[in-house]
Amino acid sequence: MRLCFGDCVFDGGTRELLRAGKTLHVPAKTFRLLELLLERRPDAISKGELGEMLWPGVFVSDGNLARLVWELRELIDDDAQEPRFIRTVHGFGYAFGGDARPNGPAIGVLSPGIVFKLILRDREVTLHDGENIVGRERDAVAWLDVHSVSRRHARIVVSGDAATLEDLGSKNGTFLKGKPVTHPSRLEDGDLVRIGTVEMILRRYAGGISTETARSR
């Protein structure tokens, strides 16, 4: 996901935030907060849900989230009194209320000559350029209707000829070659990925032809 708002450019693939053409240093949780708000825009997200996604399994006070929102506003030059981007929904949570426009390759367009696929038991899921959600959410690129899988369990970000795997605060974990994924991890051809209890293989084809994404159960 690559979006432009104000003088900022958010790039979920490269994990960068630029303002006026300069790359900003953004703490991981602050970046994730912006990402969540952009993904759900213009809908508001409750403080409780944000807390679960940002600090999974850990109780935090509303002050921690308020501090994170303040840091984000400082980075993108947003004013809490007259917000252009981050809208406070009093008594509920926060929302991204600004105009965010696509910037860069359109989602769904594969990089020329490179095709990434997830190989499950009897199905293949073709990944598109940008963000690919893996989980029980019906709109997920790789839909896994399994109780051990969270609604938005993990994601694979494809950028050019590279792909990275990231856990999205799932309850049962994301694993790469048997090890828990605790930060965005680069994927290589043939890597074993486990989402909850579901195992799959990541394949990278050079010179492949894009095929219709298959949904798996």
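Counting in our numbering, the final residue of the sequence shown is number 218, and the numbers go up one at a time with none missing. We put the CB at the ideal spot given by N, CA and C, even for glycine. Fair warning: this is a prediction, and the values are worked out from it, not measured in the lab.
Exposure of residue i, with buried meaning 16 or more beta-carbon neighbours within 10 Å
i, result
"ALA96", "buried"
"VAL59", "exposed"
"HIS129", "buried"
"HIS184", "exposed"
"HIS148", "exposed"
"VAL110", "At VAL110 the pLDDT is 44, less than 50, meaning the model places this residue with poor confidence; the figure from the coordinates comes in the next sentence. Burial call: exposed."
"THR127", "buried"
"ARG187", "exposed"
"ASP12", "buried"
"GLU83", "exposed"
"ASP79", "buried"
Where residue i falls: helix, strand or coil (DSSP)
i, result
"LEU30", "Here residue 30 is Lys; the residue named in the question, Leu, does not match the sequence. In this structure, LYS30 counts as helix in the three-state DSSP scheme."
"MET201", "strand"
"GLY94", "strand"
"GLY126", "For clarity, residue 126 is Val in the given sequence; the question names Gly instead. Residue state, collapsed to three classes: strand."
"ALA65", "The amino acid occupying residue 65 in the given sequence is Asn; Ala does not appear at that position. Here ASN65 sits in helix by DSSP."
"TRP71", "helix"
"LYS180", "strand"
Contacts around residue i, its chain only, beta-carbon distance under 6 Å, and the 5 residues preceding and following it disregarded
i, result
"GLY99", "PHE6, ARG85, PHE86"
"PHE176", "ARG195"
Top-ranked residue by Cα proximity to residue i, from the options
i, options, result
"ILE120", "ASP78, VAL150, VAL199", "VAL199"
"ARG16", "SER160, GLU83, VAL182", "SER160"
Residues near residue i by beta carbon distance below 8 Å, same chain, minus five either side
i, result
"PRO103", "ARG3, LEU4, CYS5"
Beta-carbon contacts of residue i that lie in its chain and below 7 Å, excluding the five residues immediately before and after
i, result
"ARG152", "GLY136, ARG137, GLU138"
"ALA21", "ASP8"
"LEU73", "THR31, LEU34, LEU35, ILE87"
"GLU132", "MET2, GLY13, ARG156, VAL158"
Discussion item. Would you call the region 64-71 in contact with the region 2-9, where contact means no fewer than 3 C-beta pairs closer than 8 Å?
Written reply: no
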